[in-house]
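Contents: one structure, followed by commentary.
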Amino acid sequence: MTARRPVAAPLANGGIDCVITQHTGLPRDCMGNRLSKPGRWLIRNTLGALYGMHVDTDGPARLTTDEHRRWSLPAHGLNISLDISVSHVDALSVVAVSAGTKVGVDVQDVRPRPGALAWLGELLGRDEPATIADFAECEALIKASHLTKQTFAGVRLPAREPGWREIDGYGYHVSGHVLPGDLHLALVAAAPVELRCWYRVGGGRPTEINLTALEGGVPHELGTQHTYALRPADVGDRARLPVREHRGRHAAAHPDGHRGGRAA
Numbered sequence: 001m002t003a004r005r006p007v008a009a010p011l012a013n014g015g016i017d018c019v020i021t022q023h024t025g026l027p028r029d030c031m032g033n034r035l036s037k038p039g040r041w042l043i044r045n046t047l048g049a050l051y052g053m054h055v056d057t058d059g060p061a062r063l064t065t066d067e068h069r070r071w072s073l074p075a076h077g078l079n080i081s082l083d084i085s086v087s088h089v090d091a092l093s094v095v096a097v098s099a100g101t102k103v104g105v106d107v108q109d110v111r112p113r114p115g116a117l118a119w120l121g122e123l124l125g126r127d128e129p130a131t132i133a134d135f136a137e138c139e140a141l142i143k144a145s146h147l148t149k150q151t152f153a154g155v156r157l158p159a160r161e162p163g164w165r166e167i168d169g170y171g172y173h174v175s176g177h178v179l180p181g182d183l184h185l186a187l188v189a190a191a192p193v194e195l196r197c198w199y200r201v202g203g204g205r206p207t208e209i210n211l212t213a214l215e216g217g218v219p220h221e222l223g224t225q226h227t228y229a230l231r232p233a234d235v236g237d238r239a240r241l242p243v244r245e246h247r248g249r250h251a252a253a254h255p256d257g258h259r260g261g262r263a264a
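Residue numbers (full-length UniProt numbering): 1 to 264.
Listed below in structure tokens is the structure:
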């Protein structure tokens with residue numbers, strides 16, 4: 001992968017860059033579902049687009065995973081090591097990168113998945129099924145931490161509100177958002193660090209966006225589901241992906257067939 005001209009440098013003090021990519025031209029399987037790129041490719045492509053980094057496919061300067069399947073990149077080029085998480089659904093991928101903070105990211109779409117949500121609701125100590133937003137936040141926590149689905153009992157997600165919310169007893173913080181097309185995005189970090197978000201289409205350059213500062217807190221009508229067009233009339237001085245902050249409980253059912261979540 002050829003190094004590109006960088007758009008930004010990694011944030012100091014463990015801040016997180018979250019890059020949302022709308023992919024184009026993806027092939028489909030025999031059922032018509034889009035076939036996503038592997039997680040390793042998504043990470044390498046994102047690091048090249050945002051930081052201008054060339055990431056080796058082998059050798060010491062290559063992506064690695066630890067015993068908890070958390071992605072990282074040893075110090076090279078920028079002389080800092082990076083903690084990384086990746087998720088994808090349909091033609092959308094999200095890569096979160098931090099120089100110094102364990103991070104997890106997950107994106108989920110809405111499909112009938114009553115069994116998974118009922119099971120997760122019990123695991124969270126509730127008398128009702130979990131929501132799709134809960135599911136995304138739990139997946140992001142698993143990716144950022146040492147927890148697994150088998151050791152997750154006891155976790156209690158904090159009430160939803162804008163910004164980072166602390167998960168009591170676990171030392172992690174979570175932030176949830178809803179993207180157009182009713183896609184639920186969750187980020188988890190080991191500290192409430194600065195969060196900088198970006199959006200790109202295909203192989204284009206990332207554009208900085210503001211996930212939460214939208215007038216009225218409602219999604220922009222885009223016409224085509226899972227299309228995230230940015231137009232100059234929409235963005236002003238700082239580009240904005242049409243998005244609303246997740247402020248309440250969503251009663252949407254979550255699919256049992258899991259497509260969002262950990263990309264490998």
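From the three backbone atoms N, C-alpha and C, an ideal C-beta is built for every residue, glycine too.
Any C-beta of chain C under 8 Å from that of residue i
| i | result |
| --- | --- |
| Val19 | Of the protein chains in the structure, only one exists, and it is not chain C. |
Own chain partners of residue i with C-beta closer than 8 Å, once the 5 adjacent residues on each side are dropped
| i | result |
| --- | --- |
| Ala191 | Gly14, Thr101 and His173 |
| Glu153 | Sequence check: residue 153 is Ala here, not Glu. Hits under 8 Å: Leu123. |
| Thr64 | Trp71, Ser72, Leu73 and Pro74 |
| Asp168 | Arg156 and Pro158 |
Beta carbon of residue i nearer than 8 Å to that of residue j
| i | j | result |
| --- | --- | --- |
| Ile80 | Val95 | no |
| Val86 | Leu187 | no |
| Val89 | Lys143 | no |
| Leu120 | Ala130 | yes |
| Val19 | Thr57 | no |
Spatially closest choice to residue i from the options, by CA coordinates
| i | options | result |
| --- | --- | --- |
| Arg62 | Ile167, Arg40, Gln22 and Leu124 | Arg40 |
| Arg156 | Tyr170, Arg196, Arg113 and Trp198 | Tyr170 |
| Glu67 | Asp182, Ser145 and Glu208 | Ser145 |
| Val110 | Ile132, Asp127 and Ala118 | Ile132 |
| Leu179 | Ile43, Ile209, Arg126 and Ala159 | Ile209 |
Cβ shell of residue i (< 6 Å), same chain only, five flanking positions each side left out
| i | result |
| --- | --- |
| Leu82 | Leu73, Val97 and Ala99 |
| Pro6 | Tyr51 and Gly52 |
| His23 | Ala91 |
| Asp17 | Val97 and Arg196 |
| Pro232 | Low local confidence applies: a pLDDT of 28 at Pro232 is under 50, so the model's placement there is unreliable, with the coordinate-based value given in what follows. Result list for Pro232: empty, nothing under 6 Å. |
| Gly107 | Strictly speaking, residue 107 in this sequence is Val, with Gly absent from that position. So the list reads Ser87, Val89, Val94, Leu183, Leu185 and Gly260, once near-sequence residues are dropped. |
| Glu128 | Gly121 |
Distance between beta carbons of residue j and residue i, contact taken as under 8 Å
| i | j | result |
| --- | --- | --- |
| His177 | Leu211 | 5 Å |
| Leu11 | Glu194 | 6 Å |
| Trp198 | Leu92 | That belief does not hold up - the Cβ atoms of Trp198 and Leu92 are roughly 13 Å apart, past 8 Å. |
| Thr21 | Arg200 | 5 Å |
7 Å CB neighbourhood of residue i in its chain, flanking five on each side removed
| i | result |
| --- | --- |
| Asp237 | Residue placement at Asp237 is flagged as unreliable, the pLDDT there being 34, under the threshold of 50; a coordinate-derived value is accordingly withheld. |
| Gly163 | Ser175 |
| Thr148 | Ile142 |
| Asp134 | Leu120, Leu124 and Leu157 |
| Leu42 | Val86, His88, Ser93, Val95 and Ala263 |
| Glu166 | Pro158 and His173 |
| Ala118 | Pro129 |
Range of the contiguous beta strand (DSSP E) that encloses residue i
| i | result |
| --- | --- |
| Arg4 | Neither: Arg4 is in no beta strand (DSSP E) and is coded neither H nor E. |
| Thr24 | Segment: none, Thr24 is in no beta strand (DSSP E) and carries neither H nor E. |
| Arg196 | Leu195 to Val201 |
| Gln108 | Val103 to Gln108 |
| Leu183 | Leu183 to Ala189 |
| Gly176 | Tyr172 to Leu179 |
| Leu82 | Leu82 to Val89 |
| Trp71 | Trp71 to Leu73 |
| Thr57 | Looking at the DSSP string, Thr57 is not in any beta strand (DSSP E), and its letter there is neither H nor E. |
| Glu166 | Arg165 to Ile167 |
| Ala96 | Leu92 to Ser98 |
Span of the alpha helix (DSSP H), counted from its first residue to its last, around residue i
| i | result |
| --- | --- |
| Glu122 | Pro114 to Leu123 |
| Ile43 | Gly39 to Tyr51 |
| Asp134 | Ile132 to Ala144 |
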